[in-house]
Every structure is written in C-alpha cells, then in structure tokens.
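Numbering (this note's numbering), first residue to last: 5 to 242.
Just so you know, even glycine gets a beta-carbon here, dropped at the ideal spot from N, CA and C.
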Amino acid sequence: MVALTTGGPNVDVSLLYDVNALARHAPAGVDRAVALVSSYGIPLLLVLLVLWCWRGARRQEEAAAAESFAALVWAPLAAALALVVNVPLRRLVARPRPYLQHDGLDVLQGGPAHGHFSFVSDHATLAMALAVGLFLAHRRLGLLGIGLALLEGLSRLYLGLHYPTDVIGGFALGTAVVLVLAPLAMALLTPVVRAAARSPRAARLVRARHLLRPCPVDLAQDRTAAGGSRTQDSDLAA
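Structure representation (structure tokens):
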C-alpha cells in the first residue's frame, strides 16, 4: 500500500502515464470536452438512464413496478451513501494526487478537486453506484450504465487527477455499498413503494396513469340511489 500511496515505478503509475499521454497529442478542444463530459456529461447521462428506466417500470404489472421503483430509489441513495463513506476513507488513506508525486503529467482540470486526496475517486464511486443500482432494476440499461461508469474512470486518468487504483477503488466502493445493503434497502423501500402505489396522489409515481385501477363503486349504494330516484319520479308523475 505504501508503494501505491507514494508512487514509484509500478504498473499503477505507468498506466496513468500511458493514458494521460493521450492528452498531449489531442487538440485543446478534445481536452475541454473530456473534462466537461467527465464532470457533468456522464453523471447526467446516468441520471437520465435512471429516469428512462423509471418511465418503463411504470408500465409494468403492479408488483414488478413496485420492485423496480424501489430499486431505482435505492440507486441514488446508495450513490450518496457511498460518497459519505468515502469521506473518512480518503482521510484515512491520505493518498496525494498523482501530479504532486510525479512530474510530466498533464493536469487538464482545475478547481477545488486539486486540494483533496486521491484515493478513492468520487466520480468513479458515484458513477458505478448509480450504474449497479440501475442494473438491479433493469439489466440492459444497467450494463449501459456500467459502460458509462468505466468511461468515467478512464476520463479521470486522462485528466491526470487519479491513479488507476483510485478509480478501481471507487468502482469497488460503489458496487459494494449497492449490493451489500441492497437486501436491507429493498426490504425497507418496497413496502413504502407499495403503500404509495395505493395512494391516489402518489400512485402515478409507481405506475402509469392508464394502468391504475379505477376506484371501486359501491353497488348497494348505487342501487339505493337509483331506487330513490325512481320513487321520486313516480311521485312527480302522480
């Protein structure tokens, strides 16, 4: 762990140099695009994938819709929890940013991130947690999300902000939080979602409007009302 923390002639460092070296031969516009996509584009795409999955889940049968919705609620909650767990972890490991340990890296993104420790990557943690949470709700969209998370990790190396093991650690942390706590989270969230599905106001969040069950009609009350109406008509006729 010391070699990874302080740097040195290892695969972690050499792979970082290899990926970051691509930035030296790329136009400045590409560098700006990668920085923008890494910071905002990929996280936004993952959120849109979650919303798209929610749109499809609302068209499912009631029980399946409730389970899918609960999984989609768990995805951002797990991502937020993973970021919280990462706060003491980063301080515990206290690994400096790679550009503070190694010369010749092109650091393509400025801002407050430069003042933080390197292990593990927040961006990689967030992206993989959202992707794995999405995978629990929808396999195909989840695989697409995992692909986006891998691109997010690669972009952090391209920008010169993280070692490969920072990214791998973020992937592991995001995945672990989602999967380890998923049984408990689903056990707590699913009953809440089912209760919401029975609520007139919240039901549309779980199922599409045209699939909601119509309100039951009290037939006895209906017949009484009809009988009273006929009696009134007879009195008027008399």
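So that I know if they touch, is there some Cβ in chain D lying closer than 8 angstroms to that of residue i?
{"i": "GLY146", "result": "The chain inventory of the structure shown lacks chain D, comprising one protein chain alone."}
Does the distance from the C-beta atom of residue i to that of residue j stay below 8 angstroms?
{"i": "LEU147", "j": "PHE139", "result": "yes"}
{"i": "VAL197", "j": "ALA70", "result": "yes"}
{"i": "ALA61", "j": "ALA141", "result": "yes"}
{"i": "ALA128", "j": "VAL97", "result": "no"}
{"i": "LEU161", "j": "VAL41", "result": "no"}
{"i": "THR169", "j": "MET132", "result": "no"}
{"i": "VAL91", "j": "VAL181", "result": "no"}
{"i": "ARG94", "j": "PHE121", "result": "yes"}
{"i": "GLY149", "j": "LEU53", "result": "yes"}
{"i": "ALA39", "j": "LEU163", "result": "yes"}
{"i": "LEU55", "j": "TYR167", "result": "no"}
{"i": "HIS106", "j": "VAL15", "result": "no"}
{"i": "LEU145", "j": "CYS57", "result": "yes"}
{"i": "GLY137", "j": "ALA75", "result": "yes"}
{"i": "LEU304", "j": "PRO47", "result": "The chain is shown only over 5 to 242; residue 304 falls outside these bounds and no answer can be derived."}
{"i": "ASP35", "j": "ALA27", "result": "yes"}
What did DSSP end up calling residue i once you bin it into helix, strand or coil?
{"i": "HIS245", "result": "What is shown of the chain runs 5 to 242, which leaves residue 245 out entirely."}
{"i": "TYR162", "result": "helix"}
{"i": "LEU109", "result": "coil"}
{"i": "PRO100", "result": "coil"}
{"i": "PHE121", "result": "coil"}
{"i": "GLU65", "result": "coil"}
{"i": "HIS142", "result": "coil"}
{"i": "ARG94", "result": "helix"}
{"i": "ARG28", "result": "helix"}
{"i": "ARG202", "result": "coil"}
{"i": "THR10", "result": "At THR10, the pLDDT of 45 sits below 50, so the modelled position is not reliable; the number obtained from the coordinates is stated separately. THR10: helix per DSSP, three-state reduction."}
In terms of residues, what are the limits of the alpha helix (DSSP H) holding residue i?
{"i": "ALA39", "result": "32–40"}
{"i": "VAL15", "result": "15–24"}
{"i": "VAL54", "result": "46–61"}
At a cut-off of 7 angstroms, would you count residue i as near the ligand GDP, judging by its Cβ distance to the nearest heavy atom?
{"i": "ALA37", "result": "Among the components of this structure there are no ligands whatsoever, and the ligand GDP is therefore not found."}
Return the Cβ separation of residue i and residue j in integer angstroms, given the expectation that the two are a contact with Cβ distance under 8 angstroms.
{"i": "ALA189", "j": "LEU50", "result": "About 19 angstroms; that fails the 8 angstroms criterion."}
{"i": "LEU185", "j": "ALA82", "result": "7 angstroms"}
{"i": "ASP126", "j": "LEU87", "result": "6 angstroms"}
{"i": "VAL77", "j": "LEU193", "result": "6 angstroms"}
{"i": "LEU112", "j": "PRO102", "result": "The Cβ separation is near 13 angstroms, so there is no contact."}
{"i": "ARG99", "j": "PHE123", "result": "4 angstroms"}
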